[in-house]
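The next block holds one structure in the form of structure tokens; read it before the comments.
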Amino acid sequence: MKKIYSRIEAIAGNVITVHAGGVRNGELAVVSSAGRSSLAEVIRLHKEKVSLQVFAGSRGISTGDRVRFLGHPMRVSFSADLLGRIFDGGGKPRDHGPELDENMIEIGGPAVNPAQRIIPRNMIRTNIPMIDLFNSLVESQKLPVFSVSGEPYNPLLARIALQAEVDLIILGGMGLKHDDYLFFRETLEKGGALNRTVFFIHTASDPIVECLLVPDIALAVAEGFALQGRKVLVLLSDMTNFADALKEIAITMEQVPSNRGYPGDLYSQLAARYEKAVDFSGAGSITILGVTTMPGDDVTHPVPDNTGYITEGQYYLKNGRIEPFGSLSRLKQLVNNQTRGDHRALMDSMITLYAAYKESLEKKAMGFKMTDWDRKLLKYGVIFEREMMDLSVNIPLETALDNGWRILASCFSPEETRLRSELLHKYWPSREGETD
Amino acid sequence: MTKGRVVGINGNMVTVEVAGDVTMNEVAYVSCAGKKLKSEVIRIRGRLAEMQVFEMSRGIGVGDEVEFTAELLSVRLGPGLLAQVYDGLQNPLPELAAQCGFFLERGVYLSPLDEKKEWPFTPTASPGDTVTAGDALGTVPEGIFSHRIMVPFQFREPLRIERIVPVGAYRILDTIAELSDEKGGRFPVTMTFTWPVKRPVTCYRERLRPADPMVTQIRIIDTFIPVARGGTYCIPGPFGAGKTVLQQVTSRNADVDIVIIAACGERAGEVVETLREFPKLADPRTGRMLMERTIIICNTSSMPVAAREASVYTAITLAEYYRQMGLHILLLADSTSRWAQALREMSGRLEEIPGEEAFPAYLESVIAGFYERAGLVRLRDRSTGSITIGGTVSPAGGNFDEPVTQSTLKVVGAFHGLSRERSDARKYPAIHPLESWSKYPGLIHAAGTEYARDILFRGNEVGQMMKVVGEEGTALEDYELYLKSEFIDSVYLQQDSYDPVDAAVPTERQRHVFRLLFKVLASRFDFGSKEMARFFFNQLRQKFLDYNGAPWQSDDFRRYEDEILSFLETKRSGEDEEGDRILKELGGVTAGGAS
Ligand SMILES: Nc1ncnc2c1ncn2[C@@H]1O[C@H](COP(=O)(O)OP(=O)(O)OP(=O)(O)O)[C@@H](O)[C@H]1O
Ligand SMILES: [Mg+2]
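Sequence lines, in order, name chains A and B. Its first residue numbered 1, the first sequence is counted upward by one per residue in my numbering. Its first residue numbered 437, the second sequence is counted upward by one per residue in my numbering.
Here's what the structure looks like:
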């Protein structure tokens, strides 16, 4: 029988301190008073002084509440029974279904041995040209959608989830608006994907500490399924809320902040989660698609900035479109060779020209005379935005490539595209004039 | 042996009450759930030792036992290091995987070197010889190298060889020689010994000034911002600008004997590419597999942070060991910012007074101390060896005005700054040609590169002006300058790392192509209109890009070159005097691909 401690010495933020012996770092405890109880996790030890982070928050906790240590760290039940179910960040059902307590597995487990990873090679098709053509999503990749708040990032996530060929979807919601949660549920249900989905949902009105648990619990479950050979897609929305929760705890613990109040280990904390994306040799895989809202549309804000350094490329969502700039998928070169011979070169050429279009647009805005070249670019930019960037475009990669050549040929002469002659010979639409 | 008990835990920092003596940076093991977790003492206050645990600290409790080893954090040196994949503490990852499966298991430490393998040893010293630290006792073949078996670096005094084994096969732990000192002490020596990672190896005669270029086969680097063998350079850049790709291509093509890759706090996936490809990729210099001359130290971002801090030291110590054999080593660290962040995390837990952006006040001296371990040295046997260090920096917000970039810039010999603007426009490698610098001499006659750089600079100014006054307000002469600078950029500075030919341009080809480029730059033209000028350079660029993609001295190569030369004549009206003089110094260009 575990001892019960009944004197809480300090309460600050969501952290309480008790005097107790024989406690281990990371161990769980139940904090209970009449009528309510919450899990709490040991986050610091000093002699007999034990600091715990209370999942349900410290509101209403009294110094007379009882603390019972459980002798094990945070765990989640793992089995096929999870499918179609909805839980909160602490792993409690929020769908009125039964609690699960079989086959408990630890969350936040150790990293995969790099020597056991394999080179990712399967492209996940989404039929969104800005993704398939310009920034291919690859199985076992970790990619965030960088978004200004108010952009339709959750619909985009749901659409990719439904179109992607994966076995299971695990949705981790952090600080999700209740409406968005319902939107996800309805969309996946309509798409017939509910019975292969597990939800771990923390909404904006839930206790902040539970927000911190969502990625770990979602990824532990994903890992379990991946080891059984399943292709798992994990959706995390919104990781900025997760980072803000980290910040809050760090400040409570009086850690020295490094950048705009965020703790110095923000990078390591985020990386520990995103690096769970993996392709196991001889088993399944985990692909992570996250959302990172950019406070003030500022990419240099610590959360998007650190995320950018961790993830393997990102999608920028702006004005309802995926921007072609921003960093490239780190993995595309591994798969773009296998799609079509013109894929990589065409992509680079189209982006370079689109960047030039942006410059011409600027010049025009400043009232300069437009040269022939500028006029060509201006024409190109408009078509590019309409036929490639618009989120309503839903076509397979090959069609998108063909469209790309058609767009180029309708705006430029071959040598203006900077493409090698060899490719021009092969792909340049002939009716548009001579190839040299 | 000193023992102690855990009294506090904060993240990966454990406070231990010690009964006995402890040494700063000593290794200790914390017993936790039947496992012994490796740790390092990082501060001592009275009877309390504060240690960083190189593993996840979950499950450690107050009262847990701690054993101190009286040894500093060290690596094991000896034959068999090449082609290995280690974590930051020199744990061999493939062997670990064979034992533990998919996941890293804490508290499992395996021998970094194969202790059963037999190596054919040939003595090069004889009984009666006087030797000291770093002197060769014999050699064993390791891949393409003759691996020197050396007197352990700890023996700084002269010693006499009492006995040495004859030619034969020995394992690394077999005694191969016995040394004695004046006082009659006897020291058996094996083929392996350990060395503390944070102590530089200094068993050489003298340090020399790095002078020879370390050819990377990347045009913008070798021509404009070169790196010297034994020199240091850094690659700061925002995320996605191409730091890792740059290091990956350098690790394949650099003209050195051994490459050590320290994947420090970055993505595991990136290491996997190297790990899986290098054993299959042939090294054009030797014909053997690239892996045979590579060591990978891999402490990626989700592996324990304290071991990340150690990993760069593990890497540099292995580099120093091979340098002692008269070899040229390139150490690539990606990313030094993650290492600095590891320092910051520990400093925070130690509650030290934070400096800028919460980095510790000693950040600058730690960075300087690391890069100082690079260098070209003359060894005692008069051969030379070198360590070149290239580190990426990942500045917060992509802004170079931050502590890690700034501290690094103070100590390195070359700066390859990546620009977001260039990577957004897919201009790779996205090294900024005007802001980057190097203090080392390059492949090409300095007058030639200065001339080209001047065009880049002035052309860029015209480009900026044009943004204000528009194309119509620009003189044709200036516009031509602008087109020339754009031309240098698109056919010479930019290089396609994924093209089989363009990816690596050896010295000879680089000099040759530079001469042809230079001929264009030194030419005066008769265009008549800006439209004509632009049209001409578009065409010329197209031909030059095809030329860059043609194999060296192939028929295509010669044909494209002839085409470029004759196309050039269609508009050329003469040449710039100074340019013409430099072109003669460079060796000129003759039609037909000969030079
Ligand atoms: N030289 C190059 N040639 C072609 N493509 C490149 C080149 N350099 C970078 N890229 C493209 O940019 C992507 C990002 O490059 P890389 O991973 O090297 O960035 P990074 O600076 O290391 O970013 P991070 O800081 O996030 O690690 C690559 O996956 C590739 O698609
Ligand atoms: Mg990188």
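All C-beta atoms, glycine included, are put in the ideal place defined by N, C-alpha and C.
Check: residue i C-beta below 7 angstroms from any heavy atom of ligand 2
{"i": "D770 (chain B)", "result": "yes"}
{"i": "E702 (chain B)", "result": "yes"}
{"i": "T680 (chain B)", "result": "yes"}
One or two residues paired with residue i in a DSSP bridge
{"i": "L235 (chain A)", "result": "A:L171 and A:L289"}
{"i": "N195 (chain A)", "result": "N195 (chain A) pairs with nothing; no bridge assigned."}
{"i": "T730 (chain B)", "result": "B:V695"}
{"i": "C700 (chain B)", "result": "B:N735"}
{"i": "P594 (chain B)", "result": "Its beta-bridge partners do not exist; DSSP assigns none."}
{"i": "E1011 (chain B)", "result": "B:S959"}
{"i": "L45 (chain A)", "result": "A:V50 and B:I445"}
{"i": "D390 (chain A)", "result": "A:R321"}
{"i": "S616 (chain B)", "result": "B:R596 and B:R622"}
{"i": "L573 (chain B)", "result": "According to DSSP, L573 (chain B) bridges with nothing at all."}
{"i": "F851 (chain B)", "result": "B:C670 and B:W873"}
{"i": "P93 (chain A)", "result": "A:F87"}
{"i": "D279 (chain A)", "result": "A:S285"}
{"i": "A12 (chain A)", "result": "A:V15"}
Any non-hydrogen atom of ligand 1 within 7 angstroms of residue i CB
{"i": "G673 (chain B)", "result": "yes"}
{"i": "D405 (chain B)", "result": "What the structure shows of chain B is the stretch from 437 to 1031, and residue 405 (chain B) is not part of that stretch, so it cannot be assessed."}
{"i": "S268 (chain A)", "result": "no"}
{"i": "S830 (chain B)", "result": "yes"}
{"i": "G667 (chain B)", "result": "no"}
{"i": "P865 (chain B)", "result": "yes"}
{"i": "Y928 (chain B)", "result": "no"}
{"i": "T309 (chain A)", "result": "One detail in the question is off: residue 309 (chain A) reads as Tyr in this sequence, not Thr. Yes, ligand 1 has a heavy atom inside 7 angstroms of this Cβ."}
{"i": "A437 (chain A)", "result": "Beyond the ends of chain A as shown, which are 1 and 436, falls residue 437 (chain A); an answer cannot be given."}
{"i": "H290 (chain A)", "result": "It should be pointed out that residue 290 (chain A) corresponds to Gly in this sequence rather than to His. Not under cutoff, so the answer is no."}
{"i": "G676 (chain B)", "result": "yes"}
Reduced DSSP secondary structure (H/G/I, E/B, other) of residue i
{"i": "N446 (chain B)", "result": "strand"}
{"i": "W873 (chain B)", "result": "strand"}
{"i": "K318 (chain A)", "result": "strand"}
{"i": "Q989 (chain B)", "result": "coil"}
{"i": "A400 (chain A)", "result": "helix"}
{"i": "D436 (chain A)", "result": "In this predicted model, D436 (chain A) has a pLDDT of only 38, less than 50, meaning its place in the structure is not dependable; the value taken from the coordinates is given anyway. It is coil, neither helix nor strand."}
{"i": "I654 (chain B)", "result": "coil"}
{"i": "A1030 (chain B)", "result": "Per-residue confidence for A1030 (chain B) stands at a pLDDT of 39, beneath the threshold of 50, marking its modelled position as unreliable; the derived number appears in the next sentence. Coil at A1030 (chain B), not helix or strand."}
{"i": "Q978 (chain B)", "result": "helix"}
{"i": "M1 (chain A)", "result": "Confidence in M1 (chain A) is poor, its pLDDT being 48 and thus under 50, which makes the residue's placement too unreliable to answer from."}
{"i": "G805 (chain B)", "result": "helix"}
{"i": "R856 (chain B)", "result": "helix"}
{"i": "I661 (chain B)", "result": "coil"}
{"i": "T630 (chain B)", "result": "strand"}
{"i": "L377 (chain A)", "result": "helix"}
{"i": "D890 (chain B)", "result": "helix"}
{"i": "G834 (chain B)", "result": "helix"}
{"i": "M402 (chain B)", "result": "Coverage of chain B is limited to positions 437 through 1031, which leaves residue 402 (chain B) absent and any answer about it impossible."}
Exercise. Can you list, in chain order, the residues of the region 718-751 of chain B whose Cβ is nearer than 7 angstroms to any Cβ on chain A?
Worked result: Per Cβ criterion, the list reads C734, T736, S737, S738, M739 and V741.
Problem set entry | Contact set between the region 496-507 of chain B and chain A, restricted to residues whose Cβ is under 8 angstroms from the partner | The residues in question are I496, G497, V498 and G499.
For this session: Go through the region 239-268 of chain A residue by residue and report every complete run of the alpha helix (DSSP H) that reaches 4 residues or more, in order.
Result: Within the region 239-268 of chain A, the complete alpha helix (DSSP H) segments at least 4 residues long are 239-252, listed from N- to C-terminus.
Exercise. Between the region 894-928 of chain B and chain A, which residues of the former have CB atoms less than 9 angstroms from a CB of the latter, in chain order?
Worked result: The region 894-928 of chain B vs chain A, Cβ under 9 angstroms: M902, K903, V904, V905, G906, E907, E908, G909 and S926.
For this session: Would you mind listing the alpha helix (DSSP H) stretches within the region 140-164 of chain A that are 4+ residues and don't spill past its ends, in chain order?
Result: For the region 140-164 of chain A, whole alpha helix (DSSP H) runs of length 4 or above, ordered along the chain, are 153-163.
Exercise. In chain order, which beta strand (DSSP E) runs of at least 3 residues are fully inside the region 441-503 of chain B?
Worked result: As far as the region 441-503 of chain B is concerned, its whole beta strand (DSSP E) runs of at least 3 residues are 449-455, 462-468, 471-481 and 484-489.
Problem set entry | Continuous alpha helix (DSSP H) assignments of at least 4 residues falling wholly in the region 893-967 of chain B | If only uninterrupted alpha helix (DSSP H) runs of at least 4 residues are considered, those enclosed by the region 893-967 of chain B are 912-924 and 943-957.
Exercise. Name the residues in the region 375-392 of chain A whose C-beta lies less than 8 angstroms from a C-beta of chain B; which are they?
Worked result: Answer in chain order: no residues at all.
For this session: Determine which residues of the region 27-54 of chain A have a Cβ less than 7 angstroms from any Cβ of chain B, and write them out in chain order.
Result: Those residues of the region 27-54 of chain A that come within reach of chain B (Cβ to Cβ, closer than 7 angstroms) are R44, L45, H46 and K47.
Exercise. Which parts of the region 331-368 of chain A are runs of the alpha helix (DSSP H), unbroken and 4 residues or longer, counting only runs that do not cross its ends?
Worked result: Within the region 331-368 of chain A, the alpha helix (DSSP H) runs of at least 4 residues that lie entirely inside it are, in chain order, 332-339 and 343-365.
Exercise. What are the residues of the region 803-822 of chain B that lie near chain A, defined by any Cβ-Cβ distance shorter than 7 angstroms?
Worked result: Taking 7 angstroms as the upper bound on Cβ-Cβ separation, chain A lies near no residue of the region 803-822 of chain B.
Problem set entry | the region 294-314 of chain A: positions lying closer than 9 angstroms to chain B by Cβ | Of all residues in the region 294-314 of chain A, D298, V299, T300, H301, P302, D305, N306, T307, G308, Y309, I310, T311, E312, G313 and Q314 have a Cβ within less than 9 angstroms of some Cβ in chain B.
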